[in-house]
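Here's the structure we're looking at; comments come further down.
Residue numbers (the working numbering): 117 to 198.
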């Protein structure tokens with residue numbers, strides 16, 4: 117688990133600092149319930165929410181624009197041995 121209860125409370129109940137123009141959420145090991153909670157809090161468009169839930173199936177970078185917001189998927193690179 118990457119988040120403590122205090123971290124989750126701050127993300128879900130807190131507001132970002134006015135100087136911050138964006139909020140990054142790393143979703144590699146986040147549950148569907150957490151993604152849906154973020155979607156409700158930030159009033160996210162349903163299509164990128166669905167893409168986030170299906171993240172394990174996404175293997176190429178993806179950028180979509182929704183009004184003034186961008187949804188970006190950047191798959192992680194992994195080193196493997198032959």
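We treat Cβ as the ideally placed atom computed from N, Cα and C, and that holds for glycine.
Distance, residue j Cα to residue i Cα
i: residue 157; j: residue 122; result: 17 Å
i: residue 186; j: residue 180; result: 6 Å
i: residue 124; j: residue 132; result: 13 Å
i: residue 169; j: residue 126; result: 22 Å
i: residue 195; j: residue 175; result: 15 Å
i: residue 161; j: residue 149; result: 16 Å
i: residue 151; j: residue 134; result: 23 Å
Residue from the options with nearest C-alpha to residue i
i: residue 192; options: 198, 153 and 178; result: 178
i: residue 189; options: 126, 195 and 163; result: 163
i: residue 166; options: 126, 196 and 147; result: 147
i: residue 183; options: 130, 197 and 159; result: 159
Three-way DSSP call (helix, strand, coil) for residue i in this model
i: residue 146; result: coil
i: residue 181; result: strand
i: residue 134; result: coil
i: residue 195; result: coil
Own chain residues within Cβ distance below 7 Å of residue i, not counting five before or after
i: residue 128; result: 153 and 157
DSSP bridge partner residues for residue i (one or two, in chain order)
i: residue 188; result: 179
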